[in-house]
Each structure stands twice: as structure tokens, then as C-alpha cells.
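Each remark here refers to the structure printed beneath this line.
Protein chains: 2
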Amino acid sequence: MRDPLPQYPGYALRRAAHATAAQLSARLADLGLKQVDASVLLLVEANPAITASALGRHLDIQRANMVPLLKRLEDAGWIDRTPIDGKSQGLTLTASGKTLVGKAHAIIEEFEQNLLARVPAEHRDHLLPALDALWR
Amino acid sequence: MRDPLPQYPGYALRRAAHATAAQLSARLADLGLKQVDASVLLLVEANPAITASALGRHLDIQRANMVPLLKRLEDAGWIDRTPIDGKSQGLTLTASGKTLVGKAHAIIEEFEQNLLARVPAEHRDHLLPALDALWR
DNA sequence: AACAATTGCTGTTGCCCATAGCAATCCCGA
DNA sequence: TCGGGATTGCTATGGGCAACAGCAATTGTT
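These protein sequence lines are chains V and B, in that order.
All residue numbers for the first sequence refer to this note's numbering, where the first residue is 1 and numbers rise by one.
All residue numbers for the second sequence refer to this note's numbering, where the first residue is 1001 and numbers rise by one.
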């Protein structure tokens, strides 16, 4: 079959992102986590008392969509919300949240190494800089 | 803010794919097309009388999800479905489908060149091979 | 002729993300 | 100081994408 698509970097990007995302999602699902959840938890871990809105801005998640996300993480007992002032709330990991993030770290590290391992050595170091240029 | 995420190629891949997809989608929307539509039309153009199921297999789209997709393209008058045997149907571009694909080509080419242009020269040639290794 | 595989389809679900709008709170400049 | 604009968190809603289970009809193989 003739296929003009794979020559396009944009198409390859789409397919590669989808393929790798599926793998990471599958592994995180063992912890009851989605990818977004893991991103949020890692960021809360690195920035205790971070604001919900700051988190959303940083991850490019709309405020409206942060609500159910954070509610789920809170209901699961992984994060605490502490009022900072009348309208802002600081987010921190609970004890079980910290335990979970530890496991998430392990999964993510393994995933990322596996991902890089699949890239031929001569291209490997170029992947991150090239991708960064596309969104940063 | 401390942010451990951008160091991960997998995360950069996710963000880059999302960012670029948004741009392409916006341009294709001018033609009333989604990204999947364009993929399908390009493949039908390159492989006249291709089967719906073969198309789905090639694009990794489930048979079930091909149905509304093809119905939309047919309703828009861009593709024709011709029965091959009792259960298969061959897909071909209509006249207006061919015209549309021409415009889609132009948009995609411009998008891809713009995408590559944003990647620093020293990384540019490594992008496609690296991405290919992640899904092919 | 019988059975397995293929094809196209329905129905449903979940996830991700976008928009519009709202009440409460804050911050800053006149 | 105070008044208007910005910020924050939230509700409600919808669209796009893709997964699953299951079904009827047809094809192909043995």
C-alpha cells in the first residue's frame, strides 16, 4: 500500500505520542493513576503548597478542568488542600500521596528509559531538544 | 517553580504533539476537516478502491470508529463507496474530494515545513527517525 | 456442508479538553 | 480608602477521539 503519511514528522509525532502514551497509561493504571494525575502529583511534590491555579497554568490545564481532577486526587487521599487566603488553596501531598508518588516515579523512570532505549543511539540525544523546540 | 517534567522525553513528546496538533487542526478546520479526515483522504487518494477495513488497519483505527468517520466523508461528498463483494466496499475520491485533498496537501505541507523550521538545525534531521522508532 | 474468519455496523463508555458563566475574594491606583 | 479590574475556584455543558462488547451478513477454507 502506498502511504504518504509516515514521511511527515507531524504525523510521526502524533503516532509516537499516541503509542507511548498508551504504554505509560497502562502502567500508571496499576496505581489507579492517569497521566495527568501523575503530572500533578509530581509537581505538587516538587512544589509543596503550590496553588491550584498556578498548577493549572503550568500544565496548561484550564481552571474548570482542574476541579474534578483535584477532587479525585483529594478524594483518593493523595493531596490536601489548605486555604492560603480567602480564595486560594495550597496543595500538598498526604502521607499516602508521597508513597504513591514514589511508585509513580519508578514507573515513569522505567518508562522513559525504555522509550529512549528504543530510539537509535545516533538520534537519541536529539529527541528532547527537538521536541522542546516544538512546545516550549 | 521547580518542574521535573520537561526533562522527560515522554512528557515533551506529549506536549509537543498536543501543541502541533492544535495548529494543524486549526488550519484544517478551514476546510471542514479534522486530522483523521485528512489522513483518510490522503490514503484514499494514494490507494484508490482501498477497503474500509484495510484503511482502518493501516491507520490503527478500530472498525467501529471508521463507521461514523467514513459516513461523514461520504455525506460531505468527498468519497464514494463502491461494493467490492458482499461485505467489502472500495473507497475512492469524488471530484470535489480530489479538489479538497489538493487544498489539504497545501495546508499539510506548509504545516510540516513550519514544524521542522522550529526545530534547531542540528536536531532537525534526527526528529523523524527518532519518532519513527517509537511507533513503527 | 460446516466452521472460522472477515467486514461493516450499533451502542456504549471513558478520557481529554474547550467554552460560558458565576460568586467570592484579592489587589492596585485614583 | 474605596471602587473597579483581575484572580480564584467552581458549575454546567458539549465535542472529539478512541476503546470495548456484541451482532448480522458474507466469505473462505477444509
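Where a beta carbon is used, it is the ideal one built from N, C-alpha and C, also for glycine.
Do residue i and residue j have their C-beta atoms within less than 9 Å of each other?
i, j, result
"W1135 (chain B)", "H18 (chain V)", "yes"
"E1045 (chain B)", "K1103 (chain B)", "no"
"I107 (chain V)", "R27 (chain V)", "yes"
"L1070 (chain B)", "I1084 (chain B)", "no"
"P1048 (chain B)", "L1093 (chain B)", "yes"
"H123 (chain V)", "A1130 (chain B)", "yes"
"L1059 (chain B)", "H1105 (chain B)", "no"
"A52 (chain V)", "L91 (chain V)", "yes"
"L1128 (chain B)", "Q7 (chain V)", "yes"
"L31 (chain V)", "F111 (chain V)", "no"
"A121 (chain V)", "V1119 (chain B)", "no"
"R81 (chain V)", "E74 (chain V)", "yes"
"I61 (chain V)", "M1001 (chain B)", "no"
Hey, does residue i have any beta-carbon neighbour from chain B nearer than 9 Å?
i, result
"Q62 (chain V)", "no"
"L116 (chain V)", "yes"
"A54 (chain V)", "yes"
"L73 (chain V)", "no"
"L100 (chain V)", "no"
Classify residue i: buried if its beta carbon has 16 or more other beta carbons within 10 angstroms, exposed otherwise.
i, result
"V1101 (chain B)", "buried"
"P68 (chain V)", "exposed"
"D37 (chain V)", "buried"
"T1020 (chain B)", "buried"
"G1077 (chain B)", "exposed"
"G10 (chain V)", "buried"
"A1012 (chain B)", "buried"
"S1039 (chain B)", "buried"
"T1056 (chain B)", "Just to set this straight, residue 1056 (chain B) is Gly in the shown sequence, not Thr. Buried, by the Cβ-count rule."
Would you kindly report the start and end of the unbroken alpha helix (DSSP H) that includes residue i?
i, result
"I107 (chain V)", "95-118"
"P1129 (chain B)", "1121-1135"
"S39 (chain V)", "35-46"
"K71 (chain V)", "63-75"
"L1031 (chain B)", "Note, L1031 (chain B): premise wrong, no alpha helix (DSSP H); not H, not E."
"G56 (chain V)", "52-59"
Using a cut-off of 7 Å between C-beta atoms, extract the partners of residue i located in chain B.
i, result
"N65 (chain V)", "In chain order: nothing, as chain B lies at least about 14 Å away."
"R15 (chain V)", "W1135"
"L161 (chain V)", "It is not possible to answer for residue 161 (chain V), since the shown part of chain V is limited to 1 through 136."
Does residue i get closer than 9 Å to chain V when you measure Cβ to Cβ?
i, result
"Q1089 (chain B)", "no"
"L1033 (chain B)", "no"
"A1049 (chain B)", "no"
"A1029 (chain B)", "no"
"T1020 (chain B)", "yes"
"A1095 (chain B)", "no"
"A1046 (chain B)", "yes"
Residue i: beta carbon under 8 Å from a heavy atom of the ligand MG?
i, result
"Y11 (chain V)", "This structure lacks the ligand MG, and indeed carries no ligand of any kind."
Could you give the first and the last residue of the continuous beta strand (DSSP E) run that contains residue i?
i, result
"P83 (chain V)", "79-83"
Find the residues of chain B that neighbour residue i, judging by a C-beta separation of less than 8 Å, and give them in chain order.
i, result
"I108 (chain V)", "Y1008, G1010"
"A130 (chain V)", "V1119, P1120, H1123, R1124, H1126, L1127, A1130"
Could you name the residues of chain V that residue i contacts, counting a contact when the two beta carbons are closer than 9 Å?
i, result
"T1092 (chain B)", "The premise fails here: T1092 (chain B) is roughly 14 Å from chain V at the closest Cβ pair, so nothing lies under 9 Å."
Identify the contact partners of residue i in chain V, using a Cβ-Cβ distance below 8 Å as the criterion.
i, result
"S1039 (chain B)", "L5, Y11"
Can you pull the chain B neighbours of residue i, defined as C-beta to C-beta under 9 Å?
i, result
"L43 (chain V)", "M1001, R1002, D1003, P1004, L1005"
Residues of chain V with CB closer than 7 Å to the CB of residue i, please, in chain order.
i, result
"A1104 (chain B)", "Residues of chain V passing the Cβ test: none, with the nearest at roughly 11 Å."
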